[in-house]
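First up is the structure itself, then whatever we jot down about it.
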Ligand SMILES: [Zn+2]
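Numbering (UniProt numbering), first residue to last: 1 to 96.
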C-alpha cells in the first residue's frame, strides 16, 4: 500500500523522528526554532555584540585568557563610546 510506505519515510515534525506522523507523536517535543528570513530581517540587532572569547581551555596559559578578556572589555568600552558618539551626533542633526 502506498500510504504505508509513505508513513515509513514520514518524519515527525514534533520529535523529528522517522516512522510516524506529527499528529501520531507520543514523544516529547523537540524544540527546533528556525527563524524565517523575515524574522531574521526584522529582528532587532542586539545593542552591542560581544566579541566571542574562546573558553579558557583554548588558551595556552591562564594569563593569555585573562589578556583576551581584558581585550574584550576594552573593545566593549570602545564600542559603547562609538555608539554614544554616533547617537548624540544623530540627535543633533535631527534637531537642526
Ligand atoms: Zn514524533
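Every residue, glycine too, gets a C-beta built ideally from N, C-alpha and C.
- For residue 34, the three-state secondary structure derived from DSSP is coil.
- Within 10 angstroms of the beta-carbon of residue 14 lie 16 or more other beta-carbons, which makes it buried.
- Between ligand 1 and the CB of residue 17, the shortest heavy atom gap is smaller than 6 Å.
- Straight across, the Cα-Cα distance linking residue 17 with residue 9 is about 10 Å.
- Assigned with DSSP and collapsed to three states, residue 59 falls in coil, not helix or strand.
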